[in-house]
Every structure is written in C-alpha cells, then in structure tokens.
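A.B. asks: Numbering (our numbering), first residue to last: 200 to 613. Think of the CB as a built atom: it goes at the ideal place given N, C-alpha and C, for glycine as much as any other residue.
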C-alpha cells in the first residue's frame, strides 16, 4: 500500500493519507519497540525473536528500492511539491511572456495607431526574446539549478489543512528513517560483539582500521544514509502546467542533475517550520536535524574526513562525504538555521515569550542543531567549520562573527 500510494501522488487524498500514515506509524513503532525488547527483555529467547523481527524489517527497507523511495518521498513530499510548484510558476510566466510577445507584434491599436504594447513595447519584446524558442528551456533550467543551490528560498505553505496533512506524513516518515538508522546501528554493533553499545560511546573505534572501513560500508548499505544521498524522485507535472505548455520533455524543468533527498530535507531546518501546528504537534524541523546528524555520524564511522582541514581539501579518504557537504550547501543551510534560531531565542520578543510552545520548539531545534554541529566536529571538521563561520562563498566577515556572537549571548542568557 505504501508503494502504490506514493506512485499516485495523493490523487485520492483522504483514503491514501490514512493508509500511508498507518503503515509508516506501524513500522516506526515496531522498530522502536523491538529495539527496546532486544536490549532490555530478561528472556534471551524473546530477545532473539525481537532481533529477528527487527532484522527482517531493516533488511527489507534497505534492499527494496521502491519501498525506500516511498518512505523518503513522504519525508520530503512538502518540499518536493513546493519546489515543483515554484518551478512551474516560473515556467508558466516565461511561456505566457513568450506567447504574448510573439503574437501579432506588428498589429497597431486601431484607436491610437500605436504599437499594441505602447510604452511597454521594448520591455515586453525583450522579455519575449529571452523566453522565445530554446531560451525558455535554458532559462527555466538555470532557474531550477539556482533553486537547488538555494533551497531555503522555497516557500512552504503550512496553513491549509491538506498541506498540514503532508507535514504530518513527513514527520512520521522522518521518524521511521531515524528508527531505521538506529536499528541498523544496533545490527552492526552486534556483529562485532558490542551489544548494548552505541556509536556515541566509540565501541567500534577499537576495531582494526580495515575492519572499521568494512563496517562503515555495511552501515551505509544497511541504514538510510545511501537513500538520503541518492537523487530524489521527480514529481509529476501538475495538470495546470500541462494545460499551458503541454506534456513535452521540457514540461517540468527539474534540476538537470537531479537533487538529493537530503538537500530537499534540509529545507525543514529553517526556523519558520520550528513551531507547532494547530494540534500542538511539532513540525519536521527537529526530526530532520536528528536524521541529518545520524547520516553524518554513519558517514564518519570510518574516520570521517581525514586531513580535510589541511589545504582546504574536502573529503580526503572518503568518496561520499563531499556529496553530503554539497547537499547541505557547504553548511550554509545549517549555519542559517542555527543563526535564525539563536536570534529568535536571544530576542526580547513579547510575542514569542507569550507563545511558550513555539519557544520550546525553537529551543529544542537549536539544541538538536548544536548536536549536529558536535557530530560534525567529531567526524567532519571541514563541514563544522563552515557551519560555525559560514561558507565563504555566501557569507562575509560580519555574518561569520554573528553566529559566534549569538552563541555567546545564548550561553550568558540561559
């Protein structure tokens, strides 16, 4: 049901929402329960049974491409569809401009005997020339690539009930990704006799480096990290776009090389999604920071970025870490998210102080983001540096100092 529901893109909204939510909720609840039973139950037989159930679910999630894509689709669906809608609006605008400028350009207004565009003639014709022919495809492609590099510019509408349903599905899907990854960690640790340990206590560091690298590879294969770094499923064009520009190959100008799932998810980190919805439920920002931190930790098991600070080389000794650095905008998204959250927390806004649930959510998000920075410091120092001072390509000296300044203010305040 999960796979079939994702392929139809919410066409039968109410029924699909119930089915998808039930399936995602059941899977994450089972994984969470089996993790506790396998660790804490006093009966070895029950522990073994719990591990068998856990192993079967994790193995299915990691080996079924369709199922994995369905889970991550619901996790990033609000972002993916928002990106699609933003691109479509630009395409429609370009198409209308080209059509308007290309039809009857030489026809004069019967009453005034002037060109039909009057004083706007040169502006409209120039825009029409830019949008005409192959230019419209090129311009729309460049626009899509620009959005990919600035994912924070995408507006996520969260007021409508339908959109809030998507966000609730995204939250439960992110929870499933998190439980999937944590249980994959347990499986890998148990293979090396580290039952009851976690990646945080450094139990795997005692293994020989060769074995550790193999273990890191197994962890990436068994957990959701590989899926998060893969290219996201392209949503189908909306009927409104097809009615305007047709259904040709240029109908939806998605980023040419695709966009990774983790890049889409990073949009949740902005503090405008750190509040609670109408039902008091936390929106996906906090869960996203935990998932990204987990992915970074999995990538860093084999030693992270060796020598990344020497000469400014990204990812020496690793062929996958640069992918996640690019997906996170070189650290720009996390930097901006922490800075925004700290500014809000350090402000004396009476509105925020009265809205205590929102303040708690933003504080919780800030702490999770700082946990993410701690993971980067331990495993990926280059990324940690970019997060703390801001990527040099998008931030100046003042912005670099601002995050540190806000951190100091927060420490003194709390």
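Does DSSP classify residue 430 as helix, strand or coil?
C.D. replies: Note: residue 430 maps to strand in three-state DSSP.
A.B. asks: Which first and last residues belong to the alpha helix (DSSP H) in which residue 461 is found?
C.D. replies: Unbroken alpha helix (DSSP H) run through residue 461: 460-464.
A.B. asks: DSSP on residue 405, reduced to helix/strand/coil?
C.D. replies: Helix at residue 405.
A.B. asks: When you compare only the Cα positions, how much space is there between residue 232 and residue 425?
C.D. replies: Residue 232 and residue 425: Cα-Cα distance of roughly 24 Å.
A.B. asks: With 16 as the cutoff for other CB atoms within 10 Å, does residue 345 come out buried or exposed?
C.D. replies: It counts as exposed.
A.B. asks: Could you tell me the alpha carbon to alpha carbon distance between residue 612 and residue 545, rounded to whole angstroms?
C.D. replies: Spanning the two alpha carbons is a distance of roughly 8 Å.
A.B. asks: Of the choices 493, 381, 432, whose alpha-carbon is the least far from that of residue 456?
C.D. replies: When each option's Cα is compared against that of residue 456, the closest is 432.
A.B. asks: The alpha helix (DSSP H) spanning residue 250 covers which residue range?
C.D. replies: Its alpha helix (DSSP H) spans residues 243-262.
A.B. asks: For the alpha helix (DSSP H) holding residue 437, just list the boundary residues, first then last.
C.D. replies: Here residue 437 belongs to no alpha helix (DSSP H), and DSSP marks it neither H nor E.
A.B. asks: From 386, 420, 224, 469, pick the residue whose C-alpha is nearest to that of residue 568; which is it?
C.D. replies: With distances taken between Cα atoms, residue 568 lies closest to 469.
A.B. asks: Suppose you measure from the CA of residue 429 to the CA of residue 271; what does that come to, to the nearest Å?
C.D. replies: Using only the alpha carbons, I get a separation of about 10 Å.
A.B. asks: Between which two residues does the alpha helix (DSSP H) holding residue 483 run?
C.D. replies: It is not in any alpha helix (DSSP H) - residue 483 carries neither H nor E in the DSSP assignment.
A.B. asks: Mind checking which residues open and close the alpha helix (DSSP H) that includes residue 543?
C.D. replies: Here the alpha helix (DSSP H) through residue 543 covers 531-545.
A.B. asks: Does residue 575 pass the burial test, meaning 16 or more other C-beta atoms within 10 Å, or should it be called exposed?
C.D. replies: The residue in question, residue 575, is buried, as its Cβ has 16 or more Cβ neighbours within 10 Å.
A.B. asks: Expressed to the nearest angstrom, what Euclidean distance is found between the alpha-carbon atoms of residue 610 and residue 249?
C.D. replies: The straight-line gap from Cα to Cα measures roughly 43 Å.
A.B. asks: Excluding sequence positions up to five away, which residues of its chain have a Cβ less than 7 Å from the Cβ of residue 365?
C.D. replies: Excluding positions up to five away in sequence, the list reads 276, 277.
A.B. asks: Tell me the residue span of the alpha helix (DSSP H) that contains residue 588.
C.D. replies: Start and end: 580-588.
A.B. asks: Rounded to whole angstroms, what's the CA-CA distance from residue 423 to residue 376? Just pull it up for me.
C.D. replies: Spanning the two alpha carbons is a distance of roughly 6 Å.
A.B. asks: Out of 260, 286, 245, which has the shortest C-alpha to C-alpha gap to residue 338?
C.D. replies: With distances taken between Cα atoms, residue 338 lies closest to 286.
A.B. asks: Answer yes or no: do residue 461 and residue 491 have a C-beta to C-beta separation smaller than 8 Å?
C.D. replies: Yes, the Cβ-Cβ distance between residue 461 and residue 491 is below 8 Å.
A.B. asks: Restricting to Cα atoms, I'd like to know which of 221, 217, 352 is closest to residue 284.
C.D. replies: Measuring from the Cα of residue 284, the nearest candidate turns out to be 352.
A.B. asks: In terms of alpha-carbon separation, which member of 558, 294, 525, 571 lies closest to residue 494?
C.D. replies: It is 571 whose Cα lies nearest to the Cα of residue 494.
A.B. asks: To the nearest whole angstrom, what separates the beta carbons of residue 379 and residue 260, a pair I think is in contact under 8 Å?
C.D. replies: Yes, they are in contact, since the Cβ atoms of residue 379 and residue 260 sit about 5 Å apart, within 8 Å.
A.B. asks: Flag this pair as yes or no: are the beta carbons of residue 406 and residue 396 separated by less than 8 Å?
C.D. replies: Taking 8 Å as the Cβ cut-off, residue 406 and residue 396 do not qualify as a contacting pair.
A.B. asks: Just mark residue 489 as buried or exposed, buried being the case when its beta carbon has 16 or more other beta carbons within 10 Å.
C.D. replies: Burial call: buried.
A.B. asks: CB-CB under 8 Å to residue 347, same chain, minus the five flanking residues each way: which ones, in chain order?
C.D. replies: Here the set comprises 454, 458, 462.
A.B. asks: Helix, strand or coil: how does DSSP classify residue 556 here?
C.D. replies: At residue 556 the pLDDT is 47, less than 50, meaning the model places this residue with poor confidence; the figure from the coordinates comes in the next sentence. Helix at residue 556.
A.B. asks: Please look up how many angstroms separate the CB atoms of residue 485 and residue 534, rounded, as I've assumed it's under 8 Å.
C.D. replies: Wrong, their Cβ atoms sit about 18 Å apart, outside the cutoff.
A.B. asks: Which same chain residues, not among the five before or five after residue 434, have their C-beta less than 7 Å away from its C-beta?
C.D. replies: Within the same chain, residue 434 has close Cβ partners 208, 279, 280, 283.
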